[in-house]
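Counting with the numbering used here, you get residues 85 to 286 for the letters of the sequence shown. Idealized CB from N, CA, C, for every residue including glycine. None of the values given here were measured: they were computed from a predicted structure.
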Amino acid sequence: MSIPLKSPRVKRDEICNTLRAEVLSGQWESNQPVREHSLAERFGVSRGPIRDALLQLTQEGALVYRQNKGVRVSSPPEKADRDLLFRLRRDLEIHCLKEAFPDWSETDDDQLSNVLTKLKRACEKEDLSEVTASDLALHRYWVSKASKEMEVIWLSISVRLKMAYSRLKSYMEIYNEHEPIVKAIHRRDLKTAQSLIRKNVI
Numbered sequence: 085m086s087i088p089l090k091s092p093r094v095k096r097d098e099i100c101n102t103l104r105a106e107v108l109s110g111q112w113e114s115n116q117p118v119r120e121h122s123l124a125e126r127f128g129v130s131r132g133p134i135r136d137a138l139l140q141l142t143q144e145g146a147l148v149y150r151q152n153k154g155v156r157v158s159s160p161p162e163k164a165d166r167d168l169l170f171r172l173r174r175d176l177e178i179h180c181l182k183e184a185f186p187d188w189s190e191t192d193d194d195q196l197s198n199v200l201t202k203l204k205r206a207c208e209k210e211d212l213s214e215v216t217a218s219d220l221a222l223h224r225y226w227v228s229k230a231s232k233e234m235e236v237i238w239l240s241i242s243v244r245l246k247m248a249y250s251r252l253k254s255y256m257e258i259y260n261e262h263e264p265i266v267k268a269i270h271r272r273d274l275k276t277a278q279s280l281i282r283k284n285v286i
């Protein structure tokens with residue numbers, strides 16, 4: 085089924101967001117080929133936006149280009165590397181939230197609440213791709229608020245880590261873990277928010 089999209093930039097970004105979420109949620113196998121033609125048909129676009137999206141995801145690290153094999157899904161890191169990447173992501177998020185707090189506004193509260201609402205709806209629908217995309221967007225918000233440079237580093241780490249949803253009994257547990265983080269941020273309770281992030285990013 086084709087997915088109607090808008091401008092070239094919107095096309096690329098929406099394709100990126102969809103594919104990134106699918107890779108991180110494990111809907112694509114490691115080393116699985118990624119075909120431009122089939123994706124162009126799926127999204128109802130020419131190969132141009134697909135090629136741009138695949139290039140961006142390759143630069144991020146979610147995909148990898150192999151000579152004579154084309155674009156494929158990246159393989160997960162070894163356990164020791166994975167543990168290190170999670171520690172780096174946790175520390176980076178905790179640092180960025182602290183840096184973002186002095187300039188945090190009610191507008192930021194509203195936007196973060198909107199992302200949390202999207203996460204709740206995705207959990208209620210048990211839509212794995214949307215759950216993953218909203219989860220990622222929530223964490224990305226305070227990183228981006230702190231520093232665009234840190235956002236690039238954070239994204240390059242995050243796309244190499246599959247979401248650990250298998251540890252949970254239901255999708256709503258994902259929402260229930262994130263709601264207290266957002267509430268703590270709304271209260272400007274930095275210490276509690278940082279502690280909850282540390283427990284969530286595993």
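Exercise for the section: Helix, strand or coil for residue 157, going by three-state DSSP, please let me know. Expected result: Within the sequence shown, the letter at position 73 stands for residue 157. Here residue 157 sits in strand by DSSP.
Problem - Ranges of the alpha helix (DSSP H) found wholly within the segment 177-250, counting only runs of at least 4 - result: Counting only runs of 4 or more, we get 190-209, 212-230 and 232-242.
Practice task
Along the alpha helix (DSSP H) that carries residue 259, what are the first and last residues, could you check?
Solution key: Here residue 259 is taken as the residue at index 175 of the sequence shown, counted from 1. Its alpha helix (DSSP H) spans residues 256-270.
Problem - For residue 211 and residue 146, the rounded distance between their alpha carbons - result: Along the sequence shown, read from residue 1 onward, the residue named residue 146 stands at position 62. Along the sequence shown, read from residue 1 onward, the residue named residue 211 stands at position 127. Approximately 20 angstroms, taken between the alpha carbons.
Handout entry: Cα-Cα separation between residue 68 and residue 103, rounded to whole angstroms
Key = Outside the displayed span of the chain (85 to 286) sits residue 68, for which this structure offers no information.
Problem - Other residues of its chain near residue 60: CB distance less than 7 angstroms, five sequence neighbours each side excluded - result: The chain is shown only over 85 to 286; residue 60 falls outside these bounds and no answer can be derived.
Practice task
Assign residue 200 to buried or exposed, taking buried as 16 or more other Cβ atoms, counted over all protein chains shown, within 10 Å of its Cβ.
Solution key: Along the sequence shown, read from residue 1 onward, the residue named residue 200 stands at position 116. The residue in question, residue 200, is buried, as its Cβ has 16 or more Cβ neighbours within 10 Å.
Exercise for the section: Within its chain, find whatever has a CB closer than 7 angstroms to the CB of residue 118; leave out the 5 residues flanking it on each side and keep chain order. Expected result: As a working mapping, residue 118 is identified with position 34 in the sequence shown. Contacts found: 138, 147, 155, 156 and 157.
Exercise for the section: Whole angstroms is fine: what's the gap from residue 164's alpha carbon to residue 182's? Expected result: Taking the sequence shown and counting its residues from 1, one reaches residue 164 at position 80. Taking the sequence shown and counting its residues from 1, one reaches residue 182 at position 98. Rounded to whole angstroms, residue 164 to residue 182 spans 28 angstroms at the Cα level.
Problem - Buried or exposed (CB count within 10 angstroms, at least 16 for buried), residue 229 - result: What you label residue 229 is simply residue 145 of the sequence shown in a count that begins at 1. The C-beta of residue 229 has 16 or more other C-beta atoms within 10 Å across all chains shown, which makes the residue buried.
Problem - Residue range of the unbroken beta strand (DSSP E) whose run includes residue 252 - result: Locating residue 252 in the sequence shown gives position 168, counting from the first residue. Here residue 252 belongs to no beta strand (DSSP E), and DSSP marks it neither H nor E.
Exercise for the section: Please confirm whether residue 213 and residue 111 have their CB atoms less than 8 angstroms apart. Expected result: Position 129 of the sequence shown, counted from the first residue, corresponds to residue 213. Position 27 of the sequence shown, counted from the first residue, corresponds to residue 111. In contact: residue 213 and residue 111 (Cβ atoms closer than 8 angstroms).
Problem - Residues near residue 195 in its chain [Cβ-Cβ closer than 8 angstroms; skip 5 each side] - result: Here residue 195 refers to the residue found at position 111 when the sequence shown is read from its first residue. For residue 195, where only same-chain residues beyond five positions count, the Cβ hits under 8 angstroms are 225.
Problem - Assigned secondary structure, residue 119 (DSSP; H/G/I helix, E/B strand, else coil) - result: Here residue 119 refers to the residue found at position 35 of the sequence shown. It is coil, neither helix nor strand.
Exercise for the section: Express the C-alpha separation of residue 234 and residue 180 in angstroms, rounding to a whole number. Expected result: Translated into the one-based positions of the sequence shown, residue 180 becomes position 96. Translated into the one-based positions of the sequence shown, residue 234 becomes position 150. Each residue's alpha carbon lies about 8 angstroms from the other.
Exercise for the section: Give every residue of the same chain whose Cβ lies closer than 7 angstroms to the Cβ of residue 254, excluding the five residues on either side of it in the sequence, and list them in chain order. Expected result: On the sequence shown, residue 254 is found 170 positions in, with the first residue counted as 1. Taking C-beta separations shorter than 7 angstroms and ignoring five residues to either side along the sequence, residue 254 has no partners in its chain.
Practice task
Go to residue 148, then tell me how far its beta strand (DSSP E) extends in each direction, as first and last residue.
Solution key: The residue you call residue 148 lines up with position 64 of the sequence shown. Where residue 148 is concerned, the enclosing beta strand (DSSP E) stretches over 147-150.
Practice task
With DSSP as the reference, label residue 36 as helix, strand or coil.
Solution key: Since the first residue shown for the chain is 85 and the last is 286, residue 36 is missing from the structure and cannot be characterised.
Practice task
Decide if residue 113 is buried, meaning its Cβ has at least 16 other Cβ atoms within 10 Å, or exposed.
Solution key: Translated into positions along the sequence shown, residue 113 becomes position 29. Counting Cβ neighbours within 10 Å, residue 113 comes out exposed, since fewer than 16 surround it.
Handout entry: Neighbourhood of residue 238 by C-beta, 6 angstroms cutoff - its chain only, sequence neighbours within 5 removed
Key = Within the sequence shown, numbered from 1, the residue matching residue 238 stands at position 154. So the list reads 176 and 227, once near-sequence residues are dropped.
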